[in-house]
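Enquirer:
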Amino acid sequence: SAKITVWNEAMYYFAMAPEDYKKILFVLRDYSDKKGETLAEYYIRTHDHLVPDEVEIWEYEEDAGEVIIWKKAVRENPLKNALDVASRLPEHDQDAVAKWLMAELASEEGWDERFAGTQDALSVLAREASEEHERGETKELDPGSL
Numbered sequence: 002s003a004k005i006t007v008w009n010e011a012m013y014y015f016a017m018a019p020e021d022y023k024k025i026l027f028v029l030r031d032y033s034d035k036k037g038e039t040l041a042e043y044y045i046r047t048h049d050h051l052v053p054d055e056v057e058i059w060e061y062e063e064d065a066g067e068v069i070i071w072k073k074a075v076r077e078n079p080l081k082n083a084l085d086v087a088s089r090l091p092e093h094d095q096d097a098v099a100k101w102l103m104a105e106l107a108s109e110e111g112w113d114e115r116f117a118g119t120q121d122a123l124s125v126l127a128r129e130a131s132e133e134h135e136r137g138e139t140k141e142l143d144p145g146s147l
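Letter by letter, the sequence shown follows residues 2 to 147 in the working numbering.
1) In terms of residue numbering, what span does the beta strand (DSSP E) encompassing glutamate 62 cover?
2) Suppose the cutoff is 6 angstroms on Cβ atoms and the five residues either side in sequence are ignored; what does the same chain contact list for arginine 128 look like?
3) How would you write the range of the alpha helix (DSSP H) that leucine 123 sits in, first residue to last?
4) Give the secondary structure of serine 2 by DSSP, where H, G and I count as helix, E and B as strand, and everything else as coil.
5) To the nearest angstrom, report how far apart valine 28 and lysine 35 are at their CA atoms.
6) Residues bridged to glutamate 67 by DSSP?
7) For valine 125, is the classification buried or exposed, using 16 other Cβ atoms within 10 angstroms of its Cβ as the cut-off for buried?
8) Could you tell me the alpha carbon to alpha carbon distance between glutamate 141 and histidine 134, rounded to whole angstroms?
9) Would you check if there are 3 or more beta carbon pairs closer than 8 angstroms linking the segment 46–53 to the segment 79–94?
10) Take glutamate 139 as the anchor and find which of Asp113, Ala130, Gly145 and Trp71 has the nearest alpha-carbon.
11) Looking at the secondary structure, which residues open and close the beta strand (DSSP E) in which valine 52 lies?
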């Protein structure tokens with residue numbers, strides 16, 4: 002647990018370091034027969050959420066003189082990619098993209114508010130439809146007659 006605590010602290014420092022720095026945690030291979038994995042594998046499996054995307058964990062096997070490099074699986078972030086591309090546009094185009102995006106977000110928020118405000122009315126309509134069906138006042142829909 003002491004090693005894990007120190008590794009967690011290292012991840013904090015890596016997260017605070019500039020993005021363009023090469024970030025490597027270099028560790029000796031420590032295999033656990035009980036767990037069937039190395040300490041690095043265990044750490045990645047249980048603490049991956051703490052490992053910044055750009056960090057590599059290098060696991061050194063002393064006897065073989067070999068290094069295994071563990072890299073975090075980085076999920077694509079389409080929004081970040083789109084914003085990165087937009088940030089390279091001329092300033093007036095950036096302003097247009099920002100205005101469009103803000104309008105879209107406001108529109109979505111408006112729809113959410115409007116739908117939330119209809120729940121009581123929809124509940125009344127659903128109850129009325131259910132009562133009509135129970136009274137036999139409904140008929141089966143024939144898609145061919147539409």
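In this text, a Cβ means the ideal position worked out from N, Cα and C, and glycines have one as well.
Expert: In terms of the structure at hand:
1) 56–62
2) none
3) 120–135
4) Three-state result, serine 2: coil.
5) 20 angstroms
6) Glu62
7) exposed
8) The straight-line gap from Cα to Cα measures roughly 10 angstroms.
9) Not touching, per the Cβ criterion.
10) Checking the sequence, you will find threonine at residue 139 rather than glutamate. Here the closest residue by C-alpha is Ala130.
11) Premise fails: valine 52 is in no beta strand (DSSP E) and is neither H nor E.
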